[in-house]
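Residue 3 is where the sequence shown starts when you use full-length UniProt numbering, and the numbers rise one by one after that.
Think of the CB as a built atom: it goes at the ideal place given N, C-alpha and C, for glycine as much as any other residue.
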Amino acid sequence: DPILELIGVRKSYNQGTPVETEVLHGIDLAMAPGEFCALIGPSGSGKSTLLNIIGLLDRPTGGKLLIGERDTAALDDAGLTALRGETIGFVFQNHHLITAFTALENVMMPILVGRGFPNGEMAQRADRLLEQVGLAAWRNAKVNNLSGGQQQRVAIARALARQPAIVLADEPTGNLDTKAAESVFELMREINRREGTSFLIVTHNLSLADRCDRTIEVVDGKILSDRKAAA
Ligand code: ADP
Ligand code: ADP
């Protein structure tokens, strides 16, 4: 069964006003568990809008979004927030970490707001995640003392804190040099293979997109192509 499915999803900004503009024009898309997908397309084509809708940060203005088997239209805002926390991890281009906090504190944050992790286990769990992303030795370093690549690794550990089914990454390597971009990409790939976490990665880097299982191309608010890599 798909982990998420969009059926004819539309999004208009400024709905009901004279300047209403539709930026997504009927998106059909399903993702299977464990898929590692790139989302490509020119600037302004609707990639971030699509990611925000899939990530339950914004609601479609038409069509259906199912997460697991659940129709998200039936959920109120609190229901969406809860489902988001249980299902989705985010990685942004500018990491969105709290730079005055340590790596460990940043990774612990979503665990703190989540449920089901007793106090003693929280730090342990965050430590294990930092180990997974190769930053065990940096656990007490303030984030603003880390390199761009290391900061993005902390952001990935934080995204994984509540064991999401899918990580949505908006240009996660966009601000990194080639070498750091490569290592951050490889880290996501490794987590995908080891944990079975799905990834949907917005990228302008076509050579990285080529190394994903599947590449979805959005142009002018529509899916222009959707290709699986040869096995
Ligand atoms: P991409 O991520 O592919 O660059 P976006 O999803 O950011 O594309 O934007 C798609 C279109 O929607 C663009 O024309 C953009 O200007 C418009 N847009 C995005 N966010 C808003 C908003 N909050 N209000 C109005 N228009 C928006
Ligand atoms: P990107 O292209 O990297 O997705 P943008 O710079 O287009 O990012 O957009 C940054 C923010 O501004 C987003 O939150 C987006 O929703 C908002 N935005 C983009 N275009 C518009 C617009 N025409 N009107 C209002 N908000 C917009």
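- Per the Cβ contact rule, the region 60-68 is not in contact with the region 209-227 (fewer than 3 Cβ pairs under 8 Å).
- At the C-beta level, Asn177 and Gly150 come within 8 Å of one another.
- Sorting Ala75, Ile56, Gln126 and Val145 by C-alpha distance to the C-alpha of Ala102 places Val145 at the top.
- With 16 or more other Cβ atoms inside 10 Å of its own Cβ, Val204 counts as buried.
- By the rule of a C-beta closer than 6 Å to any heavy atom of ligand 1, the residues picked out are Tyr15, Val25, Gly43, Ser45, Gly46, Ser47, Gly48, Lys49, Ser50 and Thr51.
- At the C-beta level, Leu148 and Gly57 stay beyond 8 Å of one another.
- Relative to the Cα of Leu26, the nearest Cα in the group Pro35, Ala40, Ala32 and Ser47 belongs to Ser47.
- Per DSSP, the unbroken alpha helix (DSSP H) holding Leu189 starts and ends at Thr180 to Glu197.
- Nearest to Ala157 by C-alpha distance, out of Thr74, Asp179 and Leu189, is Leu189.
- Non-local beta-carbon contacts of Leu132 in its own chain, meaning distances under 7 Å to residues more than five positions away in sequence, involve Ala105, Leu106, Val109, Ala138, Arg141 and Ala159 in chain order.
- Shown here, Ile113 sits in a helix according to DSSP, grouped into three states.
- The C-alpha of Asp215 lies about 10 Å from the C-alpha of Phe201.
- When DSSP states are grouped into helix, strand and coil, Thr19 belongs to the coil group.
- In the three-state scheme derived from DSSP, where H, G and I count as helix and E and B as strand, Leu170 is classed as strand.
- A check of alpha carbon separations from Val93 across Asp172, Arg213 and Met111 identifies Asp172 as the nearest.
- Between the C-alpha atoms of Leu99 and Gln154 there is a straight-line separation of about 9 Å.
- Taking the Cβ atoms as the reference, Ala34 lies roughly 7 Å from Ile5, within the contact range of under 8 Å.
- Taking all protein chains in view, the Cβ of Asn16 is surrounded by fewer than 16 other Cβ atoms within 10 Å, so the residue is classified as exposed.
- When DSSP reads this structure, Lys66 sits in a beta bridge with Ile9.
- For Asp228, the enclosing beta strand (DSSP E) covers residues Lys224 to Lys230.
- Assignment of Gly36 by DSSP, reduced to helix, strand and coil, places it in the coil class.
- By a beta-carbon distance limit of 8 Å, Ala167 does not contact Thr83. Their separation comes to about 16 Å.
- In the structure shown, the three-state DSSP call for Ile100 is coil.
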